[in-house]
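This report refers to the structure that appears directly beneath it.
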Amino acid sequence: MLPRIVSSSDVLARGRNELDGVPLGGILGDQQAALVGRPASHRRGEKYLWTGCFLLLNNGDDTGDVDQWIADHGAYRFGDAPACYALEGSVAITGALVQWLRDNLGLIKTSAEVEALASSVTDNGNVYFVPAFSGLYAPYWRADARGVIAGLTRFATGGSHRARGAGGDGVSGGGCAGGDGA
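Note that the sequence shown covers residues 90 to 271 in our numbering.
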């Protein structure tokens with residue numbers, strides 16, 4: 090019932106009509122394709138973080154001794170070479186957090202405004218945003234978790250510290266847990 094396992098670069102079919110005879114190949118999932126698309130990530134130990142908060146670590150041809158809290162999966166295989174594996178940590182809500190700041194809190198009118206709002210303060214003022222709108226992914230894997238904004242004081246400015254705590258400055262967390270250095 091399952092398809093046959095093939096290399097990520099195998100030719101799987103040939104085009105028809107306007108594409109008659111053109112080889113069609115290449116099978117990779119979303120994060121795996123981004124890992125392969127970044128040449129430095131082809132070396133064991135290389136890691137890459139996407140805006141969707143999926144951090145992949147190339148683990149080479151070894152699935153290794155993986156902590157139960159981090160996802161491990163096949164990353165890619167080219168030709169007859171051994172398969173390469175990746176370790177993945179992920180966060181459920183990131184880009185959607187900016188939309189939530191816009192649509193639900195009304196802090197910004199357009200998503201593009203979040204960076205300027207967050208950058209209007211020098212730090213996050215110890216305001217942290219955990220966007221667990223659909224639970225927490227790695228390393229907790231708790232579907233029942235819910236979002237929280239913590240660290241609010243009377244010194245936290247209107248939306249600036251909340252936007253920065255959500256990672257809206259493009260540096261401090263990208264909504265991956267919020268706050269500077271997160």
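Positions of the beta carbon are idealized from the N, C-alpha and C atoms, including for glycine.
CA-CA distance, asparagine 213 to glycine 254, rounds to 5 Å. Here DSSP, grouped into helix, strand and coil, assigns asparagine 148 to coil.
In this structure arginine 166 is buried. Its beta-carbon is surrounded by 16 or more other beta-carbon atoms within 10 angstroms. Per the DSSP secondary-structure output, glutamate 177 pairs in a beta bridge with Leu145, Ala160. Counted as a single uninterrupted DSSP element, the alpha helix (DSSP H) harbouring arginine 251 occupies residues 249-254.
For tyrosine 217, the closest C-alpha among the options Leu241, Thr246, Gly114, Ala102 is that of Leu241.
The residues Val100, Arg103, in chain order, have a CB closer than 7 Å to that of proline 112 in the same chain once the five nearest residues on each side in sequence are set aside. Judged by pairs of C-beta atoms under 8 Å, the segment 199-213 does not touch the segment 166-179, as fewer than three such pairs exist. Counting the other CB atoms within 10 Å of its CB gives threonine 183 a total of 16 or more, which places it among the buried residues. A distance below 8 Å separates the beta carbons of alanine 252 and leucine 190.
Exclusion of the five residues before and after glutamate 177 leaves Gln120, Phe143, Leu144, Leu145, Leu146, Ile159, Ala160, Asp161, His162, Ala227 as the residues of its chain whose Cβ lies within less than 8 Å of its Cβ. Secondary structure of glycine 224 (DSSP, three-state): strand. DSSP places arginine 105 outside any beta strand (DSSP E), giving it a letter other than H or E.
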